[in-house]
């Protein structure tokens, strides 16, 4: 039981505009400076309490790509050098989301 | 972090960190913590090949690679597993 | 999106929602303003960070950054004004606590506000050269709270009063103090300095000025220093607990100035308890405390050093010029060594082994040891005493320690050549009388002198050791060569001394008894037989003899006497009484020596194997001497006053001095010639300086003597005066 709660505590849920849910490691989510602040700011914002963040302006497709980017980023930091592939048609939307998330 | 896989069921995607040497059962253990479903009530299917993953085999043995998409289904009350169901965003409109 | 690699490209944010509600900005701001109120009112729980962040993000994106920023300033300011009133209203002791509580709340709120406005901080603020949110929050706090007319002075007074209370022994809430000073520091170092540190230092200066005045009137030096040290430590501790680290040097400077620098003179010279008393009484703790406190202030250590060396010079001068001390050379040197030990210990224990202090100690010793020109002789006598008996039974290590200490005194001597002269005499007597406790110790001392002064200094001393060894071998050879039975004839022990190595005075040999003469002649024949071309002269003034004597009632004794005394006593084998004149005629011993010998044979109780008529202490030329048949002694062996090395009498001293001066002449001349040979032309003053420099390891040449040597060299045409400049000398090759 104990282990499970810890496990859950280390995960956060990101929810897209269409209500899709991405359960990812907190460590990965914190690649985004904005999410990091949401999860660590004092004073008990709802995100900190619930361990989930809703992004009404980010589409599922982009949010999933962002999550993949988070993990790629962690792998990259630990020395694994691969390209992060971005389909041309989503480039602009992805860049906007990145600006918003500061990552 | 060696690799991760994306485990999908309906509108939910779990990003699971794992190692190619881990067995399917190890992944199910991790999912149990997140879904509250016991491992024996889980089934994992590699979406690209439509192969059901075997508990005793490792991810590498079953060609599950980094960033792979794996479908998660649960055992229904009648002991059958539900159909693979991964929702598509196109079917939903944005809230705003 | 910035990947860790070079993917750090930027893209102009995309304004997607082009259609804008005309009231959009106002509505959005209202949401944020409301959130800020909630945050200050502790109602933030449940607010969606994402929503607030998104609203602020969109405002900035849609060019309402200025509205957002100025709205923030206005909202925060109004909250701070309210907070200010609540702090002002806090009663008495609650004031600081309320301030601290509100400060903590403000900080927390500020962080939350900064987080939701992060996008503004990232983009709008730098582009428009605004103050970032966090800094803005601190500035607003400073201006509305700390600089509020009803808070500013009250805060300062409260802090200073608490510190004052702590200084008088009360326990205060240090945690609260730390929070408040930390707040001042967070608001900027100038806020901390102007609103706390400067007034704090001023108040401290007057506090310690007053307190030190009080202490100095009622405490002795040691107590005062303890109190000063405690105050200093308290201030350092205070800084570590609740002040800025940078304040430490400033507040300690105040304590140092007020409590130490301003009273230094008075403390050091305090009657009955000042520095000199501490030195005299070996108060290591007090001395150490004084050292550690005084080192903190300018001129502090030099003052201690000054007083210490002055005291040392004065007591040293008294010691070496005290006529009572001069009576016993061994005691004299022991006192010097004790003084050195004492101050060495003080410097190592209390003065941190400070090099400058060690130098002061050395120069003081050098100064006063050379005030007495008998110091070289006495130091040599001290060694003599130690090597004859003083070190008997000591371990090799302990012997080394004693010798090392002696060497230390030796280093202070300016006239090392005088020491050498005496050392040679004393060593000769030790070797010849076989009275040295250990060959190893003797050699160790020689090695030390050699290390210190070089080969030349000790070559003759080493020659003496060689002679002793060779003589032993020679005697073995001599007895091995004698085929006849030596049972009845006297046993002869000859030490063949190389002329020049030994401090012998040419002295005509006395007449030896026939028995001795015989064996002496045999030895001469033996020696010259193996060493052709050499000349042997008997130094009868230096030998010793063991005699068997039978007194009345058949009492037998062995008498240990000098060769001269033996010659005298042997005369009594053939007659019962002899006059002084008969004795001098028969023996041919120089009158002065003879008198001394007779005195020790006839006038010393317990050793008087002769009887003198008339009975008196001194020997007169018409005295008569009798074999003392009634002589008794509880010892079988009786040692009769062979003259032990002791300090020289005044005339002897003069004579030695003269010999030293004679020996110096060639050394000075050699130095002059060496110098002139390389310089060719040199003026008088420079020659004197150079000669002094070259010779100072051995002695300090007198300039007058140098001048005389120069004149002598001119006479002998080694040098000439310059024709024009009479002060200039030229070397004549």
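Chains as they are written, first to last, in the UniProt record's numbering: chain A, 1 to 103; chain B, 1 to 96; chain C, 1 to 733.
Think of the CB as a built atom: it goes at the ideal place given N, C-alpha and C, for glycine as much as any other residue.
Values in this document were obtained by computation on a predicted structure and should not be read as measured data.
Item to complete: For residue 89 (chain B), go through chain A and note every residue whose CB falls closer than 8 Å to its CB, in chain order.
Response: 16, 18, 20, 59, 60 and 61
Worksheet item: Nearest-angstrom Cα distance between residue 458 (chain C) and residue 658 (chain C)?
Response: 21 Å
Worksheet item: Out of curiosity, what's the CA-to-CA distance linking residue 349 (chain C) and residue 382 (chain C)?
Response: 28 Å
Discussion item. Let me confirm a value: residue 70 (chain C) is counted as buried when at least 16 other C-beta atoms fall within 10 Å, else exposed. Which label applies?
Written reply: exposed
Practice prompt. Quickly, what does DSSP pair residue 547 (chain C) with across the bridge? List them, please.
Written response: C:559
Discussion item. With a threshold of 8 Å between beta carbons, is residue 108 (chain C) in contact with chain A?
Written reply: yes
Discussion item. Rounding to the nearest angstrom, what Cα-Cα distance links residue 209 (chain C) and residue 251 (chain C) in this structure?
Written reply: 13 Å
Discussion item. Please state the DSSP three-state secondary structure of residue 238 (chain C).
Written reply: helix
Worksheet item: Cβ of residue 312 (chain C) within 8 Å of Cβ of residue 409 (chain C)?
Response: no
Fill in: Supposed close pair residue 561 (chain C), residue 545 (chain C) - CB separation, criterion 8 Å
6 Å
Worksheet item: Apart from the five residues just before and just after residue 94 (chain A), which ones in its own chain have a Cβ nearer than 7 Å to its Cβ?
Response: 62, 65 and 86
Practice prompt. Compare the C-beta of residue 67 (chain A) with all C-beta atoms of chain B and state if any pair is closer than 8 Å.
Written response: yes
Worksheet item: With a cut-off of 8 Å, does the C-beta of residue 152 (chain C) fall near any C-beta of chain A?
Response: no
Item to complete: For residue 25 (chain A), decide whether its Cβ has a neighbour in chain B, counting only Cβ atoms nearer than 8 Å.
Response: yes
Worksheet entry | Cβ pair count under 8 Å reaching 3, the region 42-49 of chain A against the region 40-52 of chain C | yes
Worksheet entry | For residue 6 (chain B) and residue 63 (chain B), the rounded distance between their alpha carbons | 14 Å
Item to complete: Starting from the beta carbon of residue 28 (chain A), find every residue of chain B whose beta carbon is closer than 9 Å, and list them in chain order.
Response: 1, 4, 15 and 17
Fill in: Residues near residue 360 (chain C) in its chain [Cβ-Cβ closer than 6 Å; skip 5 each side]
305 and 309
Practice prompt. Give the range of the alpha helix (DSSP H) segment to which residue 731 (chain C) is assigned.
Written response: Residue 731 (chain C) -> not in any alpha helix (DSSP H); beta strand (DSSP E) instead, spanning 728-731.
Worksheet item: Where does residue 18 (chain B) sit, in a helix, a strand or coil, going by DSSP?
Response: strand
Worksheet item: Roughly how many angstroms separate the alpha carbons of residue 632 (chain C) and residue 436 (chain C), rounded to a whole number?
Response: 29 Å
Discussion item. Give me the residue from C:24, C:494 and C:95 with the minimum Cα distance to residue 62 (chain C).
Written reply: C:24
Discussion item. When you compare the CB of residue 54 (chain C) with every CB in chain A, is at least one pair closer than 8 Å?
Written reply: yes
Worksheet item: Would you report the Cα separation of residue 323 (chain C) and residue 314 (chain C), rounded to the nearest angstrom?
Response: 16 Å
Item to complete: List the DSSP bridge partners of residue 9 (chain B).
Response: B:12
Practice prompt. Would you verify that the beta carbon of residue 57 (chain C) is, or is not, closer than 8 Å to some beta carbon of chain A?
Written response: yes
Item to complete: Just mark residue 536 (chain C) as buried or exposed, buried being the case when its beta carbon has 16 or more other beta carbons within 10 Å.
Response: exposed
Practice prompt. Figure out for me which residue from C:371, C:585 and C:624 has the closest Cα to the Cα of residue 601 (chain C).
Written response: C:624
Fill in: Exposure of residue 338 (chain C), with buried meaning 16 or more beta-carbon neighbours within 10 Å
exposed
Worksheet item: Roughly how many angstroms lie between the CA atoms of residue 258 (chain C) and residue 200 (chain C), to the nearest whole one?
Response: 15 Å
Discussion item. For residue 549 (chain C) and residue 637 (chain C), I'd like the C-alpha separation in whole angstroms.
Written reply: 10 Å
Worksheet entry | Straight-line gap, residue 316 (chain C) to residue 287 (chain C) (C-alpha atoms, nearest Å) | 20 Å
Worksheet entry | Per-residue DSSP class, three states only, for residue 99 (chain B) | Since the displayed chain B opens at 1 and closes at 96, residue 99 (chain B) lies outside it and no answer follows.
Item to complete: Return the bridge partner residues of residue 86 (chain A) from the DSSP annotation.
Response: DSSP output for residue 86 (chain A) lists no bridge partner at all.
Practice prompt. Determine, using beta-carbon pairs with one atom in the region 241-256 of chain C and one in the region 275-291 of chain C, whether at least three such pairs fall under 8 Å.
Written response: no
Item to complete: Would you list the one or two residues that DSSP bridges to residue 23 (chain A)?
Response: A:13 and B:14
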